[in-house]
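What follows is a single structure, written as structure tokens, with notes after it.
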Amino acid sequence: MSIERIARMTPSVTIVMEGIVADLKAQGVDVIGLNAGEPDFDTPAHIVQACTRAMEEGKTRYINVTGIPQLRQAICQKLQKDNGAVYTPAQICVSTGAKQALNNAILTTVQPGDEVIIPKPCWVSYVEIVKLADGVPVLVDTDPATFQLDLEAISRAITPRTRAILLNTPNNPTGAVYTRESLEALGRLAVEHDFYIISDEVYEKLIYGSGEHVSPASLGEEVQAHTIVVNGFSKAYAMTGWRIGYTAAPPDIAKDIAALQGHTTSNSTTFVQWAALAALEGPQDELERMRREFDRRRLYMVERLRKMPGITCPDADGAFYLMPDVSSYYGKTTPGGQVIADSAAFCNYILEEAHVAFVPGAAFEIPSAVRIAYSNSLEKIREGMDRMEAALAKLS
Ligand code: PMP
Ligand code: GLU
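For the sequence shown, the tail end lands on 518 under the working numbering, and the numbers increase by one without skipping.
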């Protein structure tokens with residue numbers, strides 16, 4: 123039997139879903155995966171070449187836990203140029219993906235019983251990482267129509283035990299890009315009530331509408347002193363499998379993160395850090411090419427979903443997910459006589475009947491919806507939408 127800390131953990135539904143899709147594909151089933159939060163593009167060639175070169179040059183040894191100085195310096199330049207936030211390399215810790223960076227941020231700030239506010243819908247791992255730190259996740263609604271932050275709801279959730287808020291803009295799963303005004307208001311609350319904003323900015327390069335990415339770290343010295351920026355290379359540079367991300371934190375937290383990581387993974391893979399340096403310093407035009415392609419797919423998918431009876435699909439200006447409300451199908455019966463009870467049953471039906479994979483909204487604390495990723499080719503998306511439409515027409 124699992125020990126208590128693990129027993130109260132729910133396995134990552136996004137990861138479980140990936141496994142199911144991989145198994146079906148291995149069995150020869152023609153599954154269209156609109157579940158994975160992963161760009162379908164290859165990592166740009168110059169980044170791959172920088173990695174190969176680093177390996178050939180013998181950059182294969184242990185290094186400083188927090189990363190090579192060249193990369194930490196480049197990250198500081200990036201934070202200043204892109205985000206308007208000034209950091210020194212001592213405040214940066216390069217980690218094994220933004221996922222480890224998030225774990226580092228939470229484990230170094232949250233004590234047992236501390237509350238962490240999480241605006242919902244939220245990414246599957248947030249609640250679990252807070253629980254791992256023996257913290258108390260406090261889920262707070264966002265605006266149901268726009269998924270923007272509800273500052274009043276956040277204010278009401280603040281207590282003397284509030285230690286942090288976990289923020290993700292652009293947002294997985296909703297695609298919302300939080301406004302500057304709401305982030306400024308949140309910054310004022312963080313300073314007034316002395317809690318951290320753990321700001322997960324992994325989708326910052328994927329914005330399509332008129333929205334802008336605002337890092338709380340750019341909102342003045344006081345807010346920056348209450349902010350831990352989490353970012354990575356997976357989404358912007360199509361580097362999911364490389365496992366590299368980072369934190370930019372106030373100096374005392376940065377020291378604690380280095381101590382923690384020194385006892386867990388030590389440095390993230392040495393030659394991957396040289397590739398990440400090439401990603402930051404090299405040409406950025408492929409980023410824009412990928413962003414445009416995502417945008418084309420997004421517009422197409424929104425249009426298709428909005429034409430399907432009984433489905434409402436809110437606007438989504440960032441990341442690569444849509445969160446359509448499918449709850450009007452709950453209670454309907456499949457051709458096999460099963461009742462669609464909830465978002466998981468809806469996803470199971472679409473997977474079994476149409477061989478199209480989504481992720482149930484319940485995993486993101488939004489049981490009325492499903493998450494559909496447009497990080498697949500337009501051709502596959504078209505086919506996926508056709509199949510979904512046909513499967514929905516069979517429900518009674
Ligand atoms: N934050 C969010 C919101 C994500 O969707 C992901 C997805 N993987 C991560 C963090 C972790 O990214 P990484 O691949 O860098 O660990
Ligand atoms: N973040 C991606 C997703 O939401 C990848 C899987 C994961 O790490 O959760 O699907």
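Cβ coordinates follow ideal geometry from the N, Cα and C atoms, glycine included.
First and last residue of the uninterrupted beta strand (DSSP E) at residue i
i	result
Glu250	Premise fails: Glu250 lies in the alpha helix (DSSP H), 246-254, not in any beta strand (DSSP E).
Thr349	349-354
Lys242	237-242
Thr369	367-370
Val260	258-263
Val170	Taken as a continuous stretch (DSSP letters only), Val170 belongs to no beta strand (DSSP E), being part of the alpha helix (DSSP H) at 167-178.
Ser518	Ser518 -> no beta strand (DSSP E), and no H or E assigned at all.
Ser217	214-217
N- and C-terminal bounds of the alpha helix (DSSP H) containing residue i
i	result
Arg285	Where Arg285 is concerned, there is no enclosing alpha helix (DSSP H), although the beta strand (DSSP E) it sits in stretches over 284-290.
Leu402	392-403
Leu201	191-205
Asp378	373-384
Ser465	465-476
Tyr422	407-429
Val138	135-148
Ile128	126-129
Ser277	273-279
Ser304	302-315
Own chain partners of residue i with C-beta closer than 6 Å, once the 5 adjacent residues on each side are dropped
i	result
Leu473	Ala479
Gln222	none
Arg302	Val336
Pro166	Glu408
Ala255	Ile228, Leu229, Val232
CB-CB length for residue i against residue j, believed under 8 Å
i	j	result
Ile350	Ser388	That belief does not hold up - the Cβ atoms of Ile350 and Ser388 are roughly 20 Å apart, past 8 Å.
Pro234	Val249	No, Pro234 and Val249 are not in contact; Cβ-Cβ is about 16 Å, not under 8 Å.
Val345	Ala312	6 Å
Phe163	Ala360	4 Å
Phe269	Pro436	7 Å
Ile276	Ile239	6 Å
Asn226	Gln395	The Cβ separation is near 16 Å, so there is no contact.
Asp508	Ile329	Asp508 to Ile329, Cβ: 29 Å. No contact.
Tyr471	Ala513	7 Å
Sequence-distant residues of its chain with Cβ nearer than 7 Å to residue i (five each side left out)
i	result
Leu271	Pro241, Thr264, Tyr300, Ser304, Leu308
Gly219	Gly354, Ser356, Arg365, Ile366, Gly367
Ala380	Val187, Thr188, Cys215
Glu489	Reading off the sequence, residue 489 comes out as Pro, not Glu. Cβ within range, chain order: Asp464, Ser465, Gly483.
Beta-carbon proximity list for residue i, same chain, < 8 Å, skipping 5 on both sides
i	result
Val151	His477
Ser247	Ser134, Lys221, Leu224
Thr434	Arg428, Pro446, Asp447
Gly342	Gly309
Contact with chain C by residue i, beta-carbon distance below 8 Å
i	result
Val352	Within the model displayed, chain C is absent; a lone protein chain is all it includes.
Heavy atom of the ligand PLP within 7 Å of residue i beta-carbon
i	result
Val324	By its list of ligands, the structure shown excludes the ligand PLP, since it contains just the ligand PMP and the ligand GLU.
Task: Sufficient close CB pairs (3 or more, under 8 Å) joining the region 479-499 to the region 444-451 - done: yes
TODO: Output the residue ranges of the alpha helix (DSSP H) runs that lie fully inside the region 484-516 and measure 4 residues or longer, sorted by chain position.
DONE: 500-515
Open item on the list: So, does the region 287-294 touch the region 436-444, judging by three or more C-beta pairs under 8 Å?
Closed with: yes
Task: Given 8 Å, three or more beta-carbon pairs between the region 426-439 and the region 388-404 - done: no
Open item on the list: Between the region 188-198 and the region 210-217, can you find at least three pairs of beta-carbon atoms closer than 8 Å?
Closed with: yes
Task: Entirely enclosed beta strand (DSSP E) segments - the region 318-347, minimum 3 residues - done: 318-322
Open item on the list: Could you check whether the region 281-292 touches the region 318-334, counting it as contact only if at least three pairs of C-beta atoms, one from each stretch, sit closer than 8 Å?
Closed with: yes
Open item on the list: Three Cβ pairs or more, each shorter than 8 Å: is that satisfied between the region 198-210 and the region 412-426?
Closed with: no
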